[in-house]
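Asks: 414 is the number that the numbering used here gives the last residue of the first sequence; the numbers go up by one with no jumps.
Note that beta-carbon positions come from the ideal geometry of N, C-alpha and C, so glycine has one too.
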Amino acid sequence: MKQSQLFTRTKKEAPSDEVAKNAQLLIRAGFIHKEMAGVYAYMPLGLRVLENIKKIVREEMNTVGGQELMMTTLQPKEIWEKTDRWDDAKVDNWFKTKLANGTELGVGLTHEEPIVDAVGNYLSSYKDMPFAVYQIQNKFRNEKRAKSGLLRGREFVMKDMYTFSRDQEQHKAEYEKIVAAYFRVYERLGLGEVTFRTYADGGIFTPQFSDEFQTLTEVGEDTIYVDEKKKIAINEEIFNDENLAKLGLKKEELVQKKGVEVGNTFHLESKYTDALDLYYNDEKGEKQSIIMGCYGIGVSRLIGVIAELFADDKGLIWPENIAPFSAHLLNLGQDQEAEKIYTELCANGIEVLFDDRDSQAGEKFADSDLIGIPTRVVVSKKSLAAGGIEVKKRNESESKIMTVNELLQILKK
RNA sequence: CGGGGCGUGGUGUCAACGGUAGCACGAGUGAUUUGGGAUCAUUUAGACAGGGUUCGAAUCCCUGCGCCCCGACCA
Numbered sequence: 002m003k004q005s006q007l008f009t010r011t012k013k014e015a016p017s018d019e020v021a022k023n024a025q026l027l028i029r030a031g032f033i034h035k036e037m038a039g040v041y042a043y044m045p046l047g048l049r050v051l052e053n054i055k056k057i058v059r060e061e062m063n064t065v066g067g068q069e070l071m072m073t074t075l076q077p078k079e080i081w082e083k084t085d086r087w088d089d090a091k092v093d094n095w096f097k098t099k100l101a102n103g104t105e106l107g108v109g110l111t112h113e114e115p116i117v118d119a120v121g122n123y124l125s126s127y128k129d130m131p132f133a134v135y136q137i138q139n140k141f142r143n144e145k146r147a148k149s150g151l152l153r154g155r156e157f158v159m160k161d162m163y164t165f166s167r168d169q170e171q172h173k174a175e176y177e178k179i180v181a182a183y184f185r186v187y188e189r190l191g192l193g194e195v196t197f198r199t200y201a202d203g204g205i206f207t208p209q210f211s212d213e214f215q216t217l218t219e220v221g222e223d224t225i226y227v228d229e230k231k232k233i234a235i236n237e238e239i240f241n242d243e244n245l246a247k248l249g250l251k252k253e254e255l256v257q258k259k260g261v262e263v264g265n266t267f268h269l270e271s272k273y274t275d276a277l278d279l280y281y282n283d284e285k286g287e288k289q290s291i292i293m294g295c296y297g298i299g300v301s302r303l304i305g306v307i308a309e310l311f312a313d314d315k316g317l318i319w320p321e322n323i324a325p326f327s328a329h330l331l332n333l334g335q336d337q338e339a340e341k342i343y344t345e346l347c348a349n350g351i352e353v354l355f356d357d358r359d360s361q362a363g364e365k366f367a368d369s370d371l372i373g374i375p376t377r378v379v380v381s382k383k384s385l386a387a388g389g390i391e392v393k394k395r396n397e398s399e400s401k402i403m404t405v406n407e408l409l410q411i412l413k414k
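So, in structure tokens, the structure goes:
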């Protein structure tokens, strides 16, 4: 894409009403637009990152057999009453609305109830299980306090997956398969090193712990205790001697850290299926409860976490897998050669942002650093005289002169 | 939801005593310039909303709305 065509502009200064680093950088660089507190729109650059993250999540969910679908945002009250989650006293962050005739509706904050309701049309035998369904969708939660830019919003993008199993054994196998897929997602996003499986409160209806995936960062809301050798952690909310013993963790090997919850997985037992009257018949024709699991990944929150983690004083530094473009081609001076190189890169399937604007070199460099595309390619009289183009990684300080073919080798790998 | 802070052009501003709304960035035009946000000229555009006090309100008071921070909350 030609940068002269990109309608968003970078800003030198961050808006005064944002303190969170992720929001400041993403707004300055033109990735997101703040609509209101806790509600952000994705501009073209931001949407590209969002879609790249979704793609990775999809691939890994599909690998473990997940079937993608999309549920609705508008929710009928009845199914939520069956599980006793409609009442504001029980779930206080509902957004609710009404039909013209006065019928109350909910605006989806999670989808256990509607999923069970929909699945119930098809599921009736032990032969139907196990299976997993997921969606990537906007969720709406009336948070009392939105904060930290993309880290805690009222409208956000989430991947939620649900598994249906005939018994605990089958459920456990599904569950661990998905946990493994979660690690692959974080690995591919460049967060593998700093993301820990963290034991947390499983909720009132299960004796088991749930698992959170906590990415270590100082801006995190959660306090966790990390066992770096075992690569696991325990959330402060369940940090006591009894639980440590149960998990085989030793207090003296744990380090206190701050984390952001970038995903979680829950054992739902048969709470929702029973409440919504969904059962299956076993081999003997006897009615049995269905065991569910649910699994979330905060897709938009991940953008915030990555922006917090991968940045320097000049701007963002996107991991290659999710960067809005692979290469940022800068034309210094109005050199015709740059246009040719742009065409050639595009023809080879490289996603390129081409800074073809008639502006100062310094401004182009500053914008390039701020936007944070992993590979910067400079074309100028100087580079051409030196024998080609000047290539620099955003996370390195040294540049190299090379030919376009050499660049293609690097970018295509 | 409790506490605190704050609302001035598109952006920023610990700019302005209750008395002419200033500066910088951006954007437009023209010129010069072209390897780290360059320079000159010129133009553009602003007081969150409503009420009150006052000869006069960006400034003081009230109400509402919005934003940020701390805490509580967070399937």
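Is L100 buried or exposed, if buried means 16 or more other CB atoms sit within 10 Å of its CB?
Replies: For the purposes of this step, residue 100 is identified with residue 99 of the first sequence, where counting begins at 1. With fewer than 16 other Cβ atoms within 10 Å, it is exposed.
Asks: What do you reckon, are the CB atoms on K401 and R377 nearer than 8 Å?
Replies: Taking the first sequence and counting its residues from 1, one reaches residue 401 at position 400. Taking the first sequence and counting its residues from 1, one reaches residue 377 at position 376. Going by C-beta atoms, K401 is not nearer than 8 Å to R377.
Asks: Does the beta-carbon of K272, which I'm using as the reference point, lie nearer than 7 Å to any heavy atom of the ligand SAM?
Replies: What this structure holds is no ligand at all, so the ligand SAM is not there to describe.
Asks: Given T218, which residues of its chain have a CB within under 8 Å of its CB, disregarding the five upstream and five downstream residues?
Replies: What you label residue 218 is simply residue 217 of the first sequence in a count that begins at 1. V195, K259, G260, V261, V306, E309 and L310.
Asks: Would DSSP call L385 helix, strand or coil?
Replies: The residue given as residue 385 occupies position 384 in the first sequence. Helix.
Asks: From what residue to what residue does the alpha helix (DSSP H) around A246 run?
Replies: For the purposes of this step, residue 246 is taken as residue 245 along the first sequence, with counting starting at 1. Segment D242 to L248, the alpha helix (DSSP H) holding A246.
Asks: Determine the contact status of N63 and R142, defining contact as a CB-CB distance below 8 Å.
Replies: Here residue 63 refers to the residue found at position 62 when the first sequence is read from its first residue. Here residue 142 refers to the residue found at position 141 when the first sequence is read from its first residue. Contact: no.
Asks: For I80, tell me which candidate among Y183, T274, Q25 and E243 has the shortest Cα-Cα distance.
Replies: As a position in the first sequence, residue 80 is number 79, starting the count at 1. Minimum Cα distance to I80 is reached at T274.
Asks: Just curious, the beta strand (DSSP E) that T216 is in, first and last residue?
Replies: Taking the first sequence and counting its residues from 1, one reaches residue 216 at position 215. It spans S211 to L217 - the beta strand (DSSP E) in which T216 sits, taken as one unbroken run.
Asks: What's the C-alpha gap between K50 and I323?
Replies: Counting from 1 along the first sequence, the entry for residue 50 is found at position 49. Counting from 1 along the first sequence, the entry for residue 323 is found at position 322. A small fix is needed here, since residue 50 is Val in this sequence, not Lys. So the two alpha carbons sit approximately 5 Å from each other.
Asks: Looking only at DSSP bridge pairs, what is Y281 linked to?
Replies: Working through the first sequence from its first residue, we reach residue 281 at position 280. Bridge partners of Y281: Q289.
Asks: Which of the three DSSP states, helix, strand or coil, is assigned to F184?
Replies: In the first sequence, counting from the first residue as 1, residue 184 sits at position 183. Helix.
Asks: Check whether the region 346-364 touches the region 321-338, counting contact only when three or more Cβ pairs, one atom from each stretch, lie closer than 8 Å.
Replies: Because the criterion of three Cβ pairs below 8 Å is met, the region 346-364 and the region 321-338 touch.
Asks: CA-CA distance, Q171 and S125?
Replies: On the first sequence, position 170 is the one that residue 171 refers to. On the first sequence, position 124 is the one that residue 125 refers to. Their backbone Cα atoms lie some 16 Å apart in a straight line.
Asks: Quick check: the Cα distance between D168 and D212, rounded to an integer number of angstroms?
Replies: Here residue 168 refers to the residue found at position 167 of the first sequence. Here residue 212 refers to the residue found at position 211 of the first sequence. Going by the C-alpha atoms only, they are around 20 Å apart.
Asks: Can you check whether the CB of K83 is closer than 8 Å to the CB of T111?
Replies: Locating residue 111 in the first sequence gives position 110, where the first residue counts as 1. Locating residue 83 in the first sequence gives position 82, where the first residue counts as 1. Against a cut-off of 8 Å, the Cβ pair of K83 and T111 comes out as no contact.
Asks: On the CB-based measure, 16 or more other CB atoms within 10 Å of its CB, does D89 come out buried or exposed?
Replies: For the purposes of this step, residue 89 is identified with residue 88 of the first sequence, where counting begins at 1. By the neighbour-count rule (16 or more Cβ atoms within 10 Å), D89 is not buried but exposed.
Asks: As a quick exercise: from N265, L346 and N282, pick the residue whose alpha carbon is nearest that of E405.
Replies: If you number the first sequence from 1, residue 405 lands on position 404. Per the sequence shown, residue 405 should be read as Val rather than Glu. Among N265, L346 and N282, the Cα nearest to that of V405 belongs to L346.
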